[in-house]
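Numbering (the UniProt record's numbering), first residue to last: 1 to 290.
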């Protein structure tokens, strides 16, 4: 079966908008390596993410996608190479000519403009949606309560949940909870948003409402790195798609190049398995996959 996929062309490929070129990428990754004991999870990863660019990261389970994202947010320490956020080295500094681990305060300073949304929503169950969004504004940004409430309400409105500010997480659907989590991250006014499979914990009918919010963020110019299994989203929204396999970037390019001209055998196999699986479930899970 042919794995060259007939997917929609990214909106960014159908029109050209003239914008001044930034002096350097928002995120620069060079020769990144990460181990967990004897297991080498990331190997020699190079990546640039430009301002207002949407990068979708795809690949099989266990390939290192989420670990890469966590290294970009300094939630994991990396063992080799470097990550630079807006030109500043993340996680390390130099002392007497040697690289040393940076203090937590310095790490927080460098990553201050990064927002991250996880697979699980991680909302405080005893707080309303509004209070969940306000919490970091009060504790981290130390905004006056009135200012924090005003900004939190604006962010809930951005994700279509202005009417749910007084609701507790248990009274919200999974899609609504994830949108609150997005609002919480946006409230900190990040320069880049990292999404780690944000729809994987959702029922299929709730996936669309989260993806619509993410599409609007992309249209508004938010810089985004998204680990996803939603190939349609990647095809429509991404400026660049990266396929990771066994800790390495095996293929990267524009969506049309990756999905329509999948010449790398491992990528073709991955895409074929993905579409075979979707075809199987679209038949109600009956019969054998092709």
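We treat Cβ as the ideally placed atom computed from N, Cα and C, and that holds for glycine.
Asked                                                                                                                                                                               : Found
Keeping to the same chain, check which residues put their C-beta closer than 6 Å to that of residue 164; ignore five residues upstream and five downstream.                         : 129
Given that a residue counts as buried once 16 or more other Cβ atoms are within 10 Å of its Cβ, and exposed if not, what is residue 140?                                            : exposed
Mind listing, in chain order, the continuous alpha helix (DSSP H) runs of no fewer than 4 residues lying wholly within the segment 48 to 107?                                       : 65 to 72
Do residue 117 and residue 185 have their C-beta atoms closer together than 7 Å?                                                                                                    : yes
Which term fits residue 181, buried or exposed, when burial requires 16 or more other beta carbons within 10 angstroms of its beta carbon?                                          : buried
Would you identify the three-state DSSP class for residue 43, choosing helix, strand or coil?                                                                                       : strand
Only counting the same chain, and skipping five residues up and downstream in sequence, which positions put a Cβ closer than 8 Å to that of residue 246?                            : 43, 63, 64
Suppose the cutoff is 6 Å on Cβ atoms and the five residues either side in sequence are ignored; what does the same chain contact list for residue 242 look like?                   : 57, 249, 252
According to DSSP, what are the bridge partners of residue 224?                                                                                                                     : 54, 193
Would you kindly report the start and end of the unbroken alpha helix (DSSP H) that includes residue 177?                                                                           : 174 to 186
To which residues of the same chain is residue 201 closer than 7 Å at the C-beta, ignoring the five residues directly before and after it?                                          : 119, 120, 174
Only counting the same chain, and skipping five residues up and downstream in sequence, which positions put a Cβ closer than 6 Å to that of residue 22?                             : Note that residue 22 scores 49 on pLDDT, short of 50, meaning its location in the model is unreliable; the coordinates nonetheless yield the value given after this. Excluding residues within five positions, the ones whose Cβ falls inside 6 Å are 51.
Is DSSP giving residue 149 helix, strand or coil here?                                                                                                                              : helix
Can you give me the Cβ contacts of residue 126 inside the same chain, cut-off strictly under 7 Å, excluding the 5 residues immediately before and after it?                         : none
Give me, in chain order, the residues of the same chain whose beta-carbon lies closer than 6 Å to that of residue 131; leave out the 5 immediate sequence neighbours on both sides. : none
What residues in its chain sit with their C-beta under 7 Å from that of residue 36, if we drop five residues either side in the sequence?                                           : none
Among 40, 61, 92, 135, which residue has its Cα nearest to the Cα of residue 72?                                                                                                    : 92
The beta strand (DSSP E) spanning residue 253 covers which residue range?                                                                                                           : 248 to 253
For residue 230, which of 221, 222, 215 has the nearest alpha-carbon?                                                                                                               : 215
Quick one: what's residue 115 bridged to in DSSP?                                                                                                                                   : 193
Determine the DSSP secondary structure at residue 31, reduced to helix, strand or coil.                                                                                             : strand
Within 10 Å of its beta-carbon, does residue 95 have 16 or more other beta-carbons around it, so buried, or fewer, so exposed?                                                      : exposed
Within 10 angstroms of its Cβ, does residue 197 collect 16 or more other Cβ (buried), or is it exposed?                                                                             : buried
Buried or exposed for residue 29, going by 16 or more other Cβ atoms inside 10 Å?                                                                                                   : buried
Have a look at residue 273 and residue 149 and give me their C-alpha separation to the nearest angstrom.                                                                            : 46 Å
Where does residue 159 sit, in a helix, a strand or coil, going by DSSP?                                                                                                            : coil
Can you tell me the Cα-Cα spacing of residue 134 and residue 268, whole angstroms?                                                                                                  : 45 Å
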